[in-house]
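Asker:
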Amino acid sequence: MSNEPFFVREGDTFVPTPSSRGPWDPKSLHGRVIAGLLGNEIERHYGAPEFIPARLTVDMYRLPDLSPVEVTTRVVREGHRIKVVDAEFISAGISMGRATCQLLRRTENPAGNVWSPPPWDAPLPKDITPPENGRNPMGGMWATLPISGAFGSVGKKRLWMSEVRDLIGGEPLTPFARVALAADFASPFANAGDAGLGYINSDITLYLHRLPVTEWIGFEVVNHGATEGVAIGECWLHDETGPIGSSNVCALAQRRGMRS
Numbered sequence: 001m002s003n004e005p006f007f008v009r010e011g012d013t014f015v016p017t018p019s020s021r022g023p024w025d026p027k028s029l030h031g032r033v034i035a036g037l038l039g040n041e042i043e044r045h046y047g048a049p050e051f052i053p054a055r056l057t058v059d060m061y062r063l064p065d066l067s068p069v070e071v072t073t074r075v076v077r078e079g080h081r082i083k084v085v086d087a088e089f090i091s092a093g094i095s096m097g098r099a100t101c102q103l104l105r106r107t108e109n110p111a112g113n114v115w116s117p118p119p120w121d122a123p124l125p126k127d128i129t130p131p132e133n134g135r136n137p138m139g140g141m142w143a144t145l146p147i148s149g150a151f152g153s154v155g156k157k158r159l160w161m162s163e164v165r166d167l168i169g170g171e172p173l174t175p176f177a178r179v180a181l182a183a184d185f186a187s188p189f190a191n192a193g194d195a196g197l198g199y200i201n202s203d204i205t206l207y208l209h210r211l212p213v214t215e216w217i218g219f220e221v222v223n224h225g226a227t228e229g230v231a232i233g234e235c236w237l238h239d240e241t242g243p244i245g246s247s248n249v250c251a252l253a254q255r256r257g258m259r260s
């Protein structure tokens, strides 16, 4: 990737670049880079080939500005089959978010058949004609290929997404960091309607039964609900070989410039 990364590592801190700005305030970070950085640091310190990061839950309770960021981590439990790790996102010396990741040891599936949804019938990215600009209009934060239903439309919505920037300059984007970085998209994709996006998500929970093996991540909206300004949204996630998990979010009604 040759585009500007979201962060530059300087010693023990991460300096956000202008590309990491979010849609709600030009002086604040996008939620996806918060989730991506927390997931990346958990994996960097505690990931192992024999474990799958099966759940990553990210709480975003403050909107960070573009100050340098520190991520601290600690092991809650390190067992033979289950590891639980916490991480905290600290900006300008203030805790802005946190994550908990549960890593599960790879073994073998038990015998027998279990129901699962039918295979995704979406065309592969190579078979889709890209839109004219080839990417989301929000400053080229990602590349997208629409499958069905436009962003903000009312109806079934599916698309492919691929990263166009490194998370941290000069550091390879791992499969887990890729999907952790993408997971926040479930909120605008599931919660935007025909009047635009009126919800800001306060959390993300990413569930994975395997890591993606291709660069394109497929999103399919499967749930949205809202009452009295509180919304939930859910997307099933795929790569080009099949399903990998889901991304779930909760969100608050939000206007541009409103404090969270």
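Under the working numbering, the residues of the sequence shown are numbered 1 to 260, in order. A virtual CB, placed ideally from N, CA and C, is assigned to each residue, including glycine.
#1: Label residue 212 either buried or exposed according to how many other C-beta atoms from any shown protein chain fall within 10 Å of its C-beta, with 16 as the threshold for buried.
#2: Output the distance between the C-alpha atoms of residue 27 and residue 111, rounded to the nearest integer angstrom.
#3: Can you name the start and end residues of the beta strand (DSSP E) that residue 175 belongs to?
#4: If the criterion is Cβ atoms closer than 7 Å, does the pair residue 64 and residue 96 meet it?
#5: When you compare only the Cα positions, how much space is there between residue 239 and residue 113?
#6: Just the Cα atoms here: how many angstroms apart are residue 210 and residue 220?
#7: With DSSP collapsed to three states, give me the class of residue 42.
#8: Starting from residue 262, follow its DSSP beta bridges and name the residues at the other end.
#9: Run the CB neighbour count on residue 41, radius 10 Å, all protein chains shown included, and call it buried at 16 or more, exposed below.
#10: Report the option in 43, 118, 146 whose CA atom is closest to the CA atom of residue 99.
#11: So residue 95 is in the alpha helix (DSSP H); what residue range does that whole segment cover?
#12: Write down the C-beta distance between residue 152 and residue 193 rounded to the nearest angstrom, noting that I regard them as a contact closer than 8 Å.
#13: Excluding sequence positions up to five away, which residues of its chain have a Cβ less than 7 Å from the Cβ of residue 235?
#14: Quick check on DSSP: helix, strand or coil for residue 3?
#15: Helix, strand or coil for residue 33 per DSSP?
#16: Of the residues 109, 47, 19, 237, which one's Cα is nearest the Cα of residue 179?
#17: Hey, is the segment 155 to 167 in contact with the segment 196 to 206, meaning 3+ C-beta pairs nearer than 8 Å?
#18: Grab the span of the beta strand (DSSP E) containing residue 188 for me, first residue to last.
#19: Terminal residues of the continuous beta strand (DSSP E) containing residue 90?
#20: Let me confirm a value: residue 47 is counted as buried when at least 16 other C-beta atoms fall within 10 Å, else exposed. Which label applies?
#21: Which term fits residue 61, buried or exposed, when burial requires 16 or more other beta carbons within 10 angstroms of its beta carbon?
#22: Among the residues of its own chain, which have a CB less than 7 Å from the CB of residue 4, if the five just before and after it don't count?
#23: Hey, would you say residue 197 sits closer than 7 Å to residue 244, going by beta carbons?
#24: Counting only the same chain and skipping the five closest in sequence on each side, list residues whose C-beta sits under 8 Å from that of residue 261.
#25: For a quick check, are the C-beta atoms of residue 35 and residue 184 less than 7 Å apart?
#26: Is residue 261 buried or exposed, if buried means 16 or more other CB atoms sit within 10 Å of its CB?
#27: In angstroms, rounded to a whole number, what distance separates the CA positions of residue 119 and residue 241?
#28: For a test of the three-state rule: what should DSSP assign to residue 20, helix, strand or coil?
Answerer: By the coordinates alone:
#1: buried
#2: 53 Å
#3: Looking at the DSSP string, residue 175 is not in any beta strand (DSSP E); the run it does join, the alpha helix (DSSP H), is 175 to 182.
#4: yes
#5: 23 Å
#6: 17 Å
#7: helix
#8: There is simply no residue 262 to check, as the chain begins at 1 and stops at 260 in what is shown.
#9: buried
#10: 43
#11: Counting along the chain, residue 95 falls outside any alpha helix (DSSP H), though it belongs to the beta strand (DSSP E) covering 94 to 105.
#12: 6 Å
#13: 186, 189, 190, 219, 220, 221, 222, 246, 247
#14: coil
#15: helix
#16: 237
#17: no
#18: Premise fails: residue 188 lies in the alpha helix (DSSP H), 186 to 191, not in any beta strand (DSSP E).
#19: 82 to 91
#20: buried
#21: exposed
#22: 17, 19, 165
#23: no
#24: With the chain covering only 1 through 260, there is no way to say anything about residue 261.
#25: yes
#26: Absent from the structure is residue 261, since the part of the chain shown begins at 1 and ends at 260.
#27: 10 Å
#28: helix
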